[in-house]
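Q: Note that the working numbering has the sequence shown beginning at 10, numbered continuously upward.
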Amino acid sequence: MLSSGSLNKDLDDEIYKLVQDLAIKPNSCSKRDHVIQKINLMLSKIGEYTNLTVAVFGSTVNGLATEDSDMDLCITSPDMKDLSAYTRSTLEEHQKSIFNMQFLAQKLRDIGMVDVVPIKRARVPICTFRDPEYGVRCDINVNNLLGLENTSLIVQYTNLDSRVRPFLFALKTFVKAKEISDCRKGLIGTYAYTMIGLHYLMFVQDPPVIPCLQHLLDAICNSPKCRFKTSRYIMGCDVRYHDCVFIENTRGDTFVSGLPARNSDSTIWRSRNEKEVGQLVTEIFEWLSFTQNILRPMSITTNGHIIREMNWRKHDAIFPDPFSSATNIVGTCTAVGSKVISQQFGRAYVKLKNGVSFANMLNTKDLVPRPLDTKSMEYRFGHRN
């Protein structure tokens with residue numbers, strides 16, 4: 010039998026290759042750029058707001074997209090920046106407003122988009138569609154500026170340490186392959202898994218791999234240009250975080266290769282975590298194999314007490330959004346769903362410890378049986394057409 014060191018080295022190599030093989034390629038990026046051009050041309054002909062444009066966010070931007078990932082789009086305009094919730098809700102009902110998903114859906118159909126589905130009742134209303142020319146599937150919303158900020162925050166974390174991106178990429182690839190990322194089935198969405206991965210690297214690993222950028226400890230920020238020092242509120246939420254941090258690891262430059270370089274204004278945060286990415290992936294799989302860890306309140310802004318909002322009283326799992334603290338990003342996860350998730354991670358952990366390759370583990374059809382879940386949205390509201 011191979012030693013644990015040899016197994017970890019093989020897993021390290023495999024995870025880095027996984028990113029190289031599955032991550033979005035330049036040709037796909039070019040196709041997505043063409044879709045964006047089409048949407049911007051469409052928006053230029055809508056007179057409701059001046060300077061309407063579309064911004065890309067999510068996995069396409071943060072480095073976690075695969076070739077088949079949907080592209081997340083957000084329609085923005087300087088005129089929309091200070092819209093009140095009341096004004097927005099009024100516009101969502103206006104027949105000829107870009108905020109109305111039915112109106113937006115028709116505009117998308119008019120420029121040749123197909124499979125257009127307006128989803129009005131979501132927390133963030135969206136239209137899903139596909140560009141038939143380039144084959145790119147998209148989700149588009151209007152003025153969800155916090156989504157843009159969340160993406161920037163994730164990018165900031167992936168730029169801290171070269172292990173972060175492949176670690177999160179492996180986690181996301183696994184949950185999609187094992188079909189445990191469908192919120193409607195009482196499970197957890199891929200964005201929330203990304204946040205759970207960051208929480209794990211921050212607050213579960215000992216010593217931690219990365220710091221908390223919103224409440225920086227064990228380092229003093231002296232950077233005059235750090236974005237944390239400028240008051241920034243979007244939709245009533247404080248969106249500040251430190252963008253000046255450079256990690257010095259006890260293994261020298263091992264984990265900063267290819268990342269933004271240290272400069273004279275950098276805030277130095279020292280890390281003693283020397284584990285390779287394969288070991289970190291194996292250990293989070295073990296950690297997530299325990300249901301109580303999924304149901305224990307988590308956050309990437311604090312490792313202390315997390316206040317339960319009144320509207321969370323029926324939620325089984327708690328993870329406040331990093332900026333919109335009143336939003337529970339794992340609110341769809343049920344007790345039944347958490348058991349399915351933990352069992353799926355448990356099976357994978359045993360395989361990894363026994364030397365099964367990550368690729369074989371992904372391709373094995375060993376889905377945990379899904380019992381009837383009466384708390385899931387799928388059961389309560391039925392299948393979405």
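Using N, Cα and C, we set each Cβ at its ideal position, and we do this for glycine too.
Rounded C-beta distance between Ser-298 and Phe-354? I'm assuming under 8 Å.
A: Residue mapping note: residue 298 aligns to position 289 of the sequence shown, counting from 1. Residue mapping note: residue 354 aligns to position 345 of the sequence shown, counting from 1. Right, their Cβ atoms sit about 5 Å apart.
Q: Thinking just about the alpha-carbon of each residue, which of Ser-171, Leu-196, Gly-340 is nearest to the one in Arg-260?
A: Translated into the one-based positions of the sequence shown, residue 260 becomes position 251. Per the Cα distances, Ser-171.
Q: Going by DSSP in three states, Glu-257 sits in which element: helix, strand or coil?
A: Numbered from its first residue, the sequence shown carries residue 257 at position 248. Residue state, collapsed to three classes: strand.
Q: According to DSSP, Ile-84 sits in a beta bridge with which residue or residues?
A: Working through the sequence shown from its first residue, we reach residue 84 at position 75. Answer by DSSP bridge pairing, in chain order: Val-63, Val-151.
Q: On the three-state DSSP scale, how would you describe Tyr-95?
A: By one-based count along the sequence shown, residue 95 stands at place 86. Three-state DSSP puts Tyr-95 in a helix.
Q: What residue does the beta strand (DSSP E) around Ile-350 start on, and which one ends it?
A: Start at 1 with the first residue of the sequence shown, and residue 350 comes out as number 341. Per DSSP, Ile-350 belongs to no beta strand (DSSP E); it is in the alpha helix (DSSP H), 344-362.
Q: Short check: CB of Val-248 to CB of Phe-328, under 8 Å?
A: Here residue 248 corresponds to residue number 239 of the sequence shown, with the count starting at 1. Here residue 328 corresponds to residue number 319 of the sequence shown, with the count starting at 1. The answer is no: Cβ separation not under 8 Å.
Q: Can you tell me whether Val-70 sits near the ligand COA, meaning its C-beta is under 7 Å from at least one heavy atom of the ligand?
A: Absent from the structure shown: the ligand COA. Ligands present: none.
Q: Helix, strand or coil, according to DSSP, for Arg-139 in the structure here?
A: Numbered from 1 along the sequence shown, position 130 holds the residue referred to as residue 139. Note: Arg-139 maps to strand in three-state DSSP.
Q: Can you have a look at Arg-271 and say buried or exposed, based on whether 16 or more other CB atoms are within 10 angstroms of its CB?
A: Walking along the sequence shown from the start, residue 271 turns up at place 262. Arg-271 comes out exposed.
Q: Is it the case that the Cβ atoms of Val-65 and Leu-82 are separated by a distance below 8 Å?
A: The sequence position of residue 65 within the sequence shown is 56, counting from 1. The sequence position of residue 82 within the sequence shown is 73, counting from 1. Against a cut-off of 8 Å, the Cβ pair of Leu-82 and Val-65 comes out as a contact.
Q: Check whether the stretch 338-355 touches the stretch 191-211, counting contact only when three or more Cβ pairs, one atom from each stretch, lie closer than 8 Å.
A: Taking 8 Å as the limit for Cβ pairs, the verdict is that the stretch 191-211 does touch the stretch 338-355.
Q: Please name the residue in Ile-120, His-251, Gly-245, Ala-131 whose C-alpha comes closest to that of Thr-239.
A: Looking up residue 239 in the sequence shown gives position 230. That would be His-251, whose Cα lies nearest to the Cα of Thr-239.
Q: Return helix, strand or coil for Asn-231, following the three-state DSSP convention.
A: Numbered from its first residue, the sequence shown carries residue 231 at position 222. Coil.
Q: Determine the direct distance from the alpha carbon of Tyr-358 to that of Thr-291, and round the result to whole angstroms.
A: Residue numbering aside, residue 291 sits at position 282 when the sequence shown is read from its first letter. Residue numbering aside, residue 358 sits at position 349 when the sequence shown is read from its first letter. So the alpha carbons of these two residues sit roughly 6 Å apart.
Q: Hey, Cys-147 and Val-44 are a contact pair by Cβ (cut 8 Å); roughly how many whole angstroms apart?
A: Mapped onto the sequence shown, residue 147 falls at position 138. Mapped onto the sequence shown, residue 44 falls at position 35. Cys-147 to Val-44, Cβ: 7 Å. Contact.
Q: Go ahead and label Gly-144 buried or exposed: buried means 16 or more other beta carbons lie within 10 angstroms of its beta carbon, across all protein chains shown.
A: Position 135 of the sequence shown holds residue 144. So Gly-144 ends up on the exposed side.
Q: For Lys-181, is the classification buried or exposed, using 16 other Cβ atoms within 10 angstroms of its Cβ as the cut-off for buried?
A: Along the sequence shown, read from residue 1 onward, the residue named residue 181 stands at position 172. Lys-181 comes out buried.
Q: Any idea if Cys-38 is buried or exposed, counting beta-carbon neighbours within 10 angstroms, 16 or more meaning buried?
A: In the sequence shown, counting from the first residue as 1, residue 38 sits at position 29. The residue is exposed, with fewer than 16 neighbouring Cβ atoms inside 10 Å.
Q: In terms of DSSP beta bridges, what is Val-145 paired with?
A: The residue you call residue 145 lines up with position 136 of the sequence shown. Paired residues: Asp-140.
Q: For Leu-225 and Ile-219, I'd like the C-alpha separation in whole angstroms.
A: Within the sequence shown, residue 225 is the residue found at index 216, counting from 1. Within the sequence shown, residue 219 is the residue found at index 210, counting from 1. Rounded to the nearest angstrom, the two C-alpha atoms are 10 Å apart.
Q: If you draw a straight line from the C-alpha of Ile-303 to the C-alpha of Leu-289, how long is it?
A: Within the sequence shown, numbered from 1, the residue matching residue 303 stands at position 294. Within the sequence shown, numbered from 1, the residue matching residue 289 stands at position 280. Approximately 17 Å between the Cα atoms of the pair.
Q: Looking only at its own chain, which residues have a Cβ that is under 6 Å from the Cβ of Thr-341, when we skip the five neighbours before and after it?
A: Reading the sequence shown from its first residue, position 332 is the one you call residue 341. For Thr-341, where only same-chain residues beyond five positions count, the Cβ hits under 6 Å are Cys-192.
Q: Can you pull the DSSP bridge partners for Trp-296?
A: Position 287 of the sequence shown, counted from the first residue, corresponds to residue 296. BP columns for Trp-296 are empty, so no partner.
Q: Let me know if Phe-390 comes out buried or exposed under the rule of 16 or more other beta-carbons within 10 Å of its beta-carbon.
A: Sequence index remark: in the sequence shown, residue 390 carries index 381 (1-based). Looking at its Cβ environment, which holds fewer than 16 other Cβ atoms inside 10 Å, Phe-390 is exposed.
Q: Opposite Asp-247 in the DSSP bridges: which residues?
A: Here residue 247 refers to the residue found at position 238 when the sequence shown is read from its first residue. The partner list for Asp-247 (beta bridge, DSSP) reads Tyr-242.
Q: Return the CA-CA distance between Thr-75 and Asn-159, expressed in angstroms with no decimal places.
A: The residue given as residue 75 occupies position 66 in the sequence shown. The residue given as residue 159 occupies position 150 in the sequence shown. Between Thr-75 and Asn-159, the C-alpha separation is close to 19 Å.
Q: In three-state DSSP terms, what is Asp-22?
A: Stepping through the sequence shown from its first residue, residue 22 is reached at position 13. Note: Asp-22 maps to helix in three-state DSSP.
Q: Leaving out the 5 sequence neighbours to the left and right, which residues in its chain are closer than 7 Å to Tyr-209 when beta-carbon positions are compared?
A: Taking the sequence shown and counting its residues from 1, one reaches residue 209 at position 200. So the qualifying residues of the chain are Ile-293, Trp-296.
Q: Would you mind giving the Cβ-Cβ distance between Gly-313 and Ile-24, rounded to the nearest angstrom? I have them listed as a contact below 8 Å.
A: One-based indexing of the sequence shown puts residue 313 at position 304. One-based indexing of the sequence shown puts residue 24 at position 15. Actually they do not touch by this definition, with Cβ atoms about 32 Å apart.
Q: Looking only at its chain, what residues have a beta carbon closer than 6 Å to the beta carbon of Met-10, apart from the 5 residues adjacent to it on each side?
A: Counting from one through the sequence shown, the residue named residue 10 turns up at place 1. Confidence at Met-10 is low in this model, with a pLDDT of 42, below 50, so the placement of that residue should be treated as unreliable; the coordinate-derived value is given next. Taken in chain order, the list of residues that qualify is empty.
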